[in-house]
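Colleague: Please read through the structure below; I'll follow up with questions.
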Amino acid sequence: MAEQYACPTTPPPHWRDRAACIGEDPEIFFPLSDSLAAGADARAAMAICRRCPVLLDCRAWAVEHGEDDGIWGATTAPQRRALRRATGDTLAAPAYQRGRTGHQDG
Numbered sequence: 001m002a003e004q005y006a007c008p009t010t011p012p013p014h015w016r017d018r019a020a021c022i023g024e025d026p027e028i029f030f031p032l033s034d035s036l037a038a039g040a041d042a043r044a045a046m047a048i049c050r051r052c053p054v055l056l057d058c059r060a061w062a063v064e065h066g067e068d069d070g071i072w073g074a075t076t077a078p079q080r081r082a083l084r085r086a087t088g089d090t091l092a093a094p095a096y097q098r099g100r101t102g103h104q105d106g
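Using full-length UniProt numbering, the first residue of the sequence shown is number 1, and each one after it goes up by one.
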């Protein structure tokens with residue numbers, strides 16, 4: 001049987017292409033409350049995340065990019081903020097703070 005080779009110009013699939021949430025209702029990943037007790041939607045989202053083959057990639061992306069809304073990689077926004085604080089990640093600011101430089105020009 002001949003081996004098949006991927007075209008060298010074809011990029012590898014992105015982790016999002018393998019996510020368990022593909023085809024799920026996006027609303028369940030953005031419950032009204034940030035707490036773990038946000039209700040059935042948060043529990044449903046967490047259950048989907050926990051069976052996801054790219055859970056860690058998703059979580060890392062959300063932490064690195066300062067994603068401050070929704071459930072990513074089976075974590076809530078407060079959990080991701082705690083991860084950023086624990087790792088000292090100053091590059092990942094919450095979405096509402098992106099673009100601030102901490103000084104004024106002029």
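Virtual Cβ for every residue (Gly too), placed ideally from N, Cα, C.
Just so you know, these numbers come straight off a predicted model, no measurement behind them.
Determine the closest residue to Ala19 out of Ala45, Leu55, Phe29, with distance taken between C-alpha atoms.
Modeller: Of the candidates Ala45, Leu55, Phe29, the one whose C-alpha sits nearest the C-alpha of Ala19 is Leu55.
Colleague: Considering only DSSP beta bridges, list what Thr75 is partnered with.
Modeller: Answer is Trp72.
Colleague: For Arg50 and Arg16, I'd like the C-alpha separation in whole angstroms.
Modeller: Answer to the nearest angstrom: the Cα atoms are 15 Å apart.
Colleague: Using only the alpha-carbon positions, how far apart do Gly23 and Arg85 sit?
Modeller: Distance between the alpha carbons of Gly23 and Arg85 is about 32 Å.
Colleague: How should Pro26 be labelled, buried or exposed, when 16 other C-beta atoms within 10 angstroms of its C-beta is the threshold for buried?
Modeller: Answer is exposed; the Cβ neighbour count stays below 16.
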